[in-house]
Amino acid sequence: MSFPSTLIDQHGRVVRDLRISVTPRCNFRCTYCDPLGMGHKDPLGTVSVHDVANVVEAAVGLGMTSVRFTGGEPLLRKELPEMIAHAKGAGVEDIAITTNATLLKRRLPELLDAGLGRVNISLDAVDEDVFKRATGGGGSKPVWESIEELLARGLHPVKLNAVVMRGVNDSEITKLAALTETLPLHVRFIEYMHLNNADSEQYQKSFVPGREIRALVEEKFGNLETVPTDPSAPARLFKVSGWQGAVGFINPVSEPFCGACSRMRLTSDAKLRPCLLNDREFDLRPALLHPEPVAAIQETFLVAAHRKVASGITTPTQRPRTMVAIGG
Ligand code: SAM
Ligand code: SF4
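For the sequence shown, UniProt numbering assigns the number 1 to the initial residue and increments by one for each residue that follows.
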């Protein structure tokens, strides 16, 4: 069977970006993601280094250019540098991780040596008590040490992600934005999505629309200037005139960007998930066990792309998996 050199979904969108969840485990219990916490071991069936290498090779063969390793907390997988090195060797142009950065500083040299290009860090609060509450007991000191290390190594831009929840960390919005005055960071505020099976009334109460977040920033620091960005990127970027960094708004609920979606996900238990906000998944296990796994995986990619929905469900709904198990 011959395969196309570009993966196009049934709605004509080019699928370029693969997000790979390398573990559902995490050392935090963020309120919006995994309030109940996960076990201590990778469950049976977690993708191996070999599985990930085959999936990445298949994706590159279909023209995908960017791979982001996530989780759970990806740095809990000791083989992460190996996975990155395989992706580099397979020709992936853009290799990134999304991490809570508690373990990043120590592991950064091996990750960069392996070919890591970019890092996104979750940071929901500047105030230590609020940080603790948002992350279910985490501490921000190692996170800040990691951010400083990235800045010292000149890995610009360092992107910080903050999911805003009313009554949890909305008091931190202007403090987080203020970080961009003297530091070349991109602080991106993300609308809280219903991906943690929260009670729907509680969810509605906690949800803060991006326009309200922006209004708070502008009320405190004045009008924001637009920073030109790739229109297919989920974040709209702005800056306060003269400041070093930028603030971004990612509004998947109030301003869905599904029309420009270029993503596909691999869950840590080897399912291809075409849409974060739709529960349809395609089991890759048979393909991974096939004598010619790369071609078999590519066939599954084509089937999954053909079934990728036009837009995800943002209204509260009970989901078989929460965010920590899907891969953010
Ligand atoms: N542990 C890593 C981290 O926290 O960066 C990677 C996994 S985490 C699931 C990836 C991203 O998903 C984070 O930026 C997190 O803020 C975001 N996220 C998790 N649950 C979310 C939710 N309910 N709504 C919006 N974003 C969410
Ligand atoms: Fe863990 Fe990241 Fe989810 Fe927080 S957002 S619980 S750090 S996976």
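For each residue, glycine too, the CB sits at the ideal point set by N, CA and C.
Go ahead and pull the three-state DSSP assignment for Met264.
Your numbering for residue 264 matches position 264 in the sequence shown. Met264 falls in the strand class under three-state DSSP.
Check each candidate in Lys141, Ala85, Leu276 and Val143 and name the one with the smallest Cα separation from Gly117.
Reading the sequence shown from its first residue, position 117 is the one you call residue 117. Selected option, being the one with the closest Cα: Ala85.
Once DSSP output is grouped into helix, strand and coil, what is the label at Ile313?
Within the sequence shown, numbered from 1, the residue matching residue 313 stands at position 313. The answer is coil: DSSP assigns Ile313 none of H, G, I, E or B.
I need the DSSP call for Phe301, collapsed to helix, strand or coil.
Taking the sequence shown and counting its residues from 1, the one referred to as residue 301 is at position 301. If DSSP states are grouped into helix, strand and coil, Phe301 belongs with the helices.
Would you mind reading off the limits of the alpha helix (DSSP H) that contains Ser200?
Walking along the sequence shown from the start, residue 200 turns up at place 200. Looking at the DSSP string, the run of the alpha helix (DSSP H) that includes Ser200 is Ser200 to Ser206.
Should Ala325 be labelled buried (16 or more other beta-carbon atoms within 10 Å of its own) or exposed?
Locating residue 325 in the sequence shown gives position 325, counting from the first residue. Taking every protein chain shown into account, the CB of Ala325 has 16 or more other CB atoms within 10 angstroms, so this residue is buried.
Taking the straight line between their C-alpha atoms, what separation do you get for Val60 and Glu93?
For this step, residue 60 is matched to residue 60 along the sequence shown. For this step, residue 93 is matched to residue 93 along the sequence shown. Rounded to the nearest whole angstrom, the C-alpha separation of Val60 and Glu93 is 10 Å.
According to DSSP, simplified to helix, strand and coil, what is Gly89?
What you label residue 89 is simply residue 89 of the sequence shown in a count that begins at 1. It is helical.
Apart from the five residues on each side of it in sequence, which residues of its chain come closer than 7 Å, Cβ to Cβ, to Ile95?
For the purposes of this step, residue 95 is taken as the residue at position 95 of the sequence shown. For Ile95, where only same-chain residues beyond five positions count, the Cβ hits under 7 Å are Val67, Ile84, Ala87, Lys88, Gly115, Leu116 and Gly117.
Based on the DSSP output, what are the partners of Ile326 in its beta bridges?
The sequence position of residue 326 within the sequence shown is 326, counting from 1. None, per the DSSP bridge assignment.
If you run the structure through DSSP and keep just helix, strand and coil, what is Ser122?
Here the question's residue 122 lines up with position 122 in the sequence shown. Strand.
When every heavy atom of the ligand SAM is checked, does at least one fall within less than 8 Å of the C-beta of Ser122?
Residue 122 sits at position 122 when you count from the first residue of the sequence shown. Correct: Ser122 has its Cβ closer than 8 Å to the ligand SAM.
Taking all protein chains shown into account, do 16 or more other C-beta atoms lie within 10 angstroms of the C-beta of Ala310, making it buried, or fewer, making it exposed?
In the sequence shown, residue 310 corresponds to position 310, counting from 1. Under this definition Ala310 is an exposed residue.
So Leu266 and Ser21 are supposed to be a Cβ contact under 8 Å. How far apart are they, rounded?
Counted from its first residue, the sequence shown places residue 266 at position 266. Counted from its first residue, the sequence shown places residue 21 at position 21. Correct: roughly 7 Å between the Cβ atoms.
For Thr314, collect the residues of the same chain with a Cβ closer than 8 Å to its Cβ; drop the 5 residues on either side in sequence, then sort them by chain order.
Residue mapping note: residue 314 aligns to position 314 of the sequence shown, counting from 1. Counting only Cβ-Cβ distances below 8 Å, and skipping sequence neighbours, we find Met193, His194, Pro252, Val253, Pro256 and Leu277.
Applying the 10 Å Cβ sphere with the 16-neighbour rule, what's the burial state of Arg273?
Locating residue 273 in the sequence shown gives position 273, where the first residue counts as 1. It counts as buried.
On the CB-based measure, 16 or more other CB atoms within 10 Å of its CB, does His306 come out buried or exposed?
On the sequence shown, residue 306 is found 306 positions in, with the first residue counted as 1. Counting Cβ neighbours within 10 Å, His306 comes out exposed, since fewer than 16 surround it.
Give the range of the alpha helix (DSSP H) segment to which Lys220 is assigned.
Working through the sequence shown from its first residue, we reach residue 220 at position 220. Run containing Lys220: Gly210 to Phe221, per the alpha helix (DSSP H) assignment.
Closer than 8 Å is the cut-off here; do at least three beta carbon pairs connect the region 43 to 53 with the region 142 to 161?
no
Roughly how many angstroms separate the alpha carbons of Gly71 and Ala295, rounded to a whole number?
As a first step, residue 71 is located in the sequence shown; it is residue number 71 there, counting from the start. As a first step, residue 295 is located in the sequence shown; it is residue number 295 there, counting from the start. If you take the alpha carbons of Gly71 and Ala295, they lie about 26 Å apart.
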